[in-house]
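Following: one structure in structure tokens, then a few remarks.
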Amino acid sequence: MTGTYLGMPAFPQAARDAVRDPVLRGNLRHATHTIRAKRARAVGELSDWAELREAGRRIKDHTLRHLDRYLVQLEESVTAAGGTVHWAADAGEANRIVARLVKETGESEVVKVKSMATQEIGLNEALEAEGIRAYETDLAELIVQLGRDRPSHILVPAIHLNRGEIRDVFRSEMGAWGRPAPEDLTDAPAELAEAARLHLREKFLRAKVAVSGANFMVAETGTLVVVESEGNGRMCLTLPQTLISVVGIEKVVPTWRDLEVFLQTLPRSSTAERMNPYTSMWTGTTDEDGPRAFHLVLLDNGRTDTLADQVGRQALRCIRCSACLNVCPVYERAGGHAYGSVYPGPIGAILSPQLRGTGSEIDASLPYASSLCGACYEVCPVAIDIPEVLVHLRERVVEGGPAVRQGNKVVLRPARGHAAERAAMRAARWVFARPGALRAGQRLASRTRRLHPRALPGPGRAWSGTRDLPAVPPEPFRDWWQRTNGGKDGTE
Amino acid sequence: MSSRDRVLGRVRRALADVTPDDRPYEEAVRRDYLREHGGPTARRTVELLAENLADYRAIVHRSGASELPSLIARLLAARDAGPVVVPSGLDEGWLAAADVTRIPDRAESTPADLDRAGSVVTACAVAIAETGTIVLDGSPDQGRRRISLVPDHHICVVRVPDQVVSSVPQALERLDPARPLTWISGPSATSDIELDRVEGVHGPRTLEVILLG
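Respectively, the protein sequence lines represent chains P and U.
If you read the first sequence in UniProt numbering, its first letter stands for residue 1, the second for the next number, and so on.
If you read the second sequence in UniProt numbering, its first letter stands for residue 1, the second for the next number, and so on.
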């Protein structure tokens, strides 16, 4: 997706470094446990949560199943309301469209609302290459941008940093980007928020162009929705003269009424609030209120490839709430950076390998970045069966098979590094089909049990490095069953 | 081939396995969830709105029509924060008792002009009790979206019980999607530092809601 993540090591290697960092683990544990309890309370307030979740799933499934129809309808509605719709098949095309639109305004800087889609396509870097400076205005994005860091959480990209670390970034870096942080800045969250308010206000007041994403797009009305907390979104969506929104094609919903489901489930799932502080809804342009020009860039970038996978397509229901990250035992320990993608955590482990394919080491390892405990599925407000998709993608990595990449049907080759596993499975298939061989093998194993090593030699070493080898019993089960008449003889 | 055709073509090929389903949308998607959660009486609904607004740090006042001008005057004087932005269609009586400089909501004003204002007074389109939300729709008594954003102090008058609904579904029924809408639930806040909520970032740091009725 973006250059930032090129050459990332596979998940196990990146995670090993992360779990050895006690500060990082402390930060993640504190943050995820804080939000977990709050989310459970917020969800518990709604007696019909299960029905809302089911309706959300159905709305998204129905939309995906008729995605072409709703995209065309959305284009008509947005255009009728005074907006301009652009289509981008991949990241490069989306970046070129945005850069051209910004240049046409004559401006060389933009303010940005937090947006996963623009991170996914590496828009900031692409704009920089064109001489356009993009200022992130979400507090956590600002922290990441100032610290030249990478985001580690969908909702709170700076979750890996604690307040002291954030203060240090503000003190040392803010001056280079604009108004410096106060000399006597402490690590009190309210003071940090105040420093960000002052630093960004001058940028909001002079900005002529803004770039956003959107949480929802309503096909029937052409309405876009941005859900936020701080007011930076409202600043970007209303003060500049030109607004460019880059939105994944799966963010469309058919009707205005559909928002009644997601505006109940999204805030409670993400920040554990009954409602987030600010939600903006706009339909095209409004005379003398807000931007005079509105551009919508509809982004594919691997989404149609994901849609072609009958099991994996459910990942496109995702509304980016990040509840699955907050409950995940693997995310809590490994942190977001180990996932090598702007989409970390369980949803990232199924989304990134589908959007980008499983060609790289990191993407091929992501379906394994899970214990399959299922907590992610439990909390998902659109009921994405993440464990099911993880297992499906593991199978694709090991076995290869048909898939769609950039709109073309391809046959993936089995990944390297799984040869021993495939050989073991072939051997097992042969043995289980031959009872005599199985019996002979089991007896041999029982008699030689004292000689068995504690770890496997050769290529098996990596496997037994993190697992105990099963102990072989003194007598095979089937022999014991026959000898004791199924245990009825009362003998051991 | 245009990118539009390319993306739509990919979508259609990706869905080749899906069996056609031409049921009307509202039949295809069942909605078994509730239209509202409790809130049996109008009075209880207004109480719930007040509780939930206060829970997210909005300051809630109650007022009859006759005390409203003096209440608004008192709230503005207590802030002593400078000029007040006034939407063009705001009930003139509401500010009758306030001795403040007024900045009209005009298209020509720059964001920097608005930044000099200390407060803004608006009405609202609808308020949602279950979530503690007020919604502005840009009507003349609410003004442009930016006027309730740039000043640091927002006083919003909600007519109760007429403008109050229980739930999000009921609010959407009352709203016009063609208008620019701003949903406000408490003052500006962030959860970006250690996933804990802190009030006060870019929007108004003080939100005062007057329940008028």
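The C-beta atom is built at its ideal place from N, Cα and C for all residues, glycine as well.
The structure displayed is predicted, hence computed values, not measured ones.
LYS38(P): member of the alpha helix (DSSP H) spanning 22-44, first to last residue. The shortest C-alpha to C-alpha distance from LEU139(P) to any of GLY200(U), LEU212(U) and VAL60(U) is the one to GLY200(U). Checking the DSSP bridge columns, you'll see ASN485(P) has no partner listed. Of all residues in the region 64-89 of chain P, only LEU64, ARG65, HIS66, LEU67, ASP68, LEU71, VAL72, GLU75, ALA81, VAL85, HIS86, TRP87, ALA88 and ALA89 place a beta-carbon less than 9 Å from a beta-carbon of chain U. At least one CB atom of chain P sits nearer than 7 Å to the CB of ALA178(U). Short of 7 Å from the beta carbon of THR79(P), and not among the five residues preceding or following it, lie these beta carbons of its own chain, in chain order: VAL85. Taking 7 Å as the cut-off, the beta carbon of GLU128(P) is found no closer than this to the beta carbon of LYS208(P). Straight across, the Cα-Cα distance linking ALA37(P) with THR271(P) is about 11 Å. By the Cβ neighbour-count rule, LEU451(P) is exposed, with fewer than 16 other Cβ atoms within 10 Å of its own. When CB distances to chain U are screened at a threshold of 7 Å, the residues of the region 262-279 of chain P falling below it are LEU263, GLN264, THR271, ARG274, MET275, ASN276, PRO277, TYR278 and THR279, in chain order. Secondary structure note for VAL60(U): its beta strand (DSSP E) is the uninterrupted segment 59-63. Interface annotation, VAL379(P): not in contact with chain U, CB-CB separation never under 7 Å.
Under the Cβ criterion of 7 Å, ALA189(U) is counted among the residues facing chain P. Contacts with chain U (Cβ-Cβ distance below 7 Å) from the region 89-105 of chain P involve ALA89 and GLU93, listed in chain order. For HIS337(P), the secondary structure class from DSSP, reduced to helix, strand or coil, is helix.
Counting C-beta pairs with one atom in each stretch, the region 90-109 of chain P and the region 138-157 of chain U have fewer than three that are closer than 8 Å, which means they do not touch. Annotation for THR182(U): LEU136 and ARG145 place their beta carbon closer than 6 Å to its own, counting only its chain and skipping 5 residues before and after. Residue ranges of uninterrupted beta strand (DSSP E) with 3 or more members, entirely inside the region 171-216 of chain P and ordered along the chain, are 209-212. Around the beta-carbon of ARG461(P), fewer than 16 other beta-carbon atoms lie within 10 Å, marking it exposed.
Taking a contact to require three or more Cβ pairs closer than 8 Å, the region 122-137 of chain U and the region 166-181 of chain U qualify as touching. Scanning its chain for C-beta atoms nearer than 6 Å, with the 5 sequence neighbours on each side dropped, one finds around GLY147(P) the residues VAL169, in chain order.
Interface residue (Cβ-Cβ distance to chain P less than 7 Å): ARG23(U) is not classified as such.
A distance below 6 Å between beta-carbons, with the five flanking residues on each side excluded, links ILE59(U) to the following residues of its chain, in chain order: GLU208. Around the beta-carbon of VAL23(P), fewer than 16 other beta-carbon atoms lie within 10 Å, marking it exposed. Within 7 Å of the CB of ARG31(U), the CB atoms of chain P belong to ALA55, in sequence order along the chain. Contact check for SER152(P) against THR190(U) fails: the beta carbons are separated by 7 Å or more.
Here DSSP, grouped into helix, strand and coil, assigns TYR343(P) to coil. For LYS114(P), the three-state secondary structure derived from DSSP is coil.
Note on HIS33(P): under 16 other CB atoms within 10 angstroms of its CB, so exposed under the neighbour-count rule. Contact check for ARG12(U) against ASP68(P) passes: the beta carbons are separated by less than 7 Å. Residue burial annotation: ALA195(P) is buried, with at least 16 other C-beta atoms found within 10 angstroms of its C-beta. For SER464(P), the enclosing alpha helix (DSSP H) starts and ends at 461-464.
Chain-order list of chain U residues neighbouring ASP289(P): GLY138, ARG144, ARG145 and PRO180, by C-beta distance under 7 Å. If the five residues before and after ARG197(U) are omitted, its C-beta is found closer than 6 Å to the C-beta atoms of ALA189 and SER191, all from its own chain and listed in chain order. Rounded to whole angstroms, LEU161(P) and ALA210(P) show a C-alpha spacing of 27 Å. Taking 7 Å as the cut-off, the Cβ atoms of VAL327(P) and THR63(P) do not count as close.
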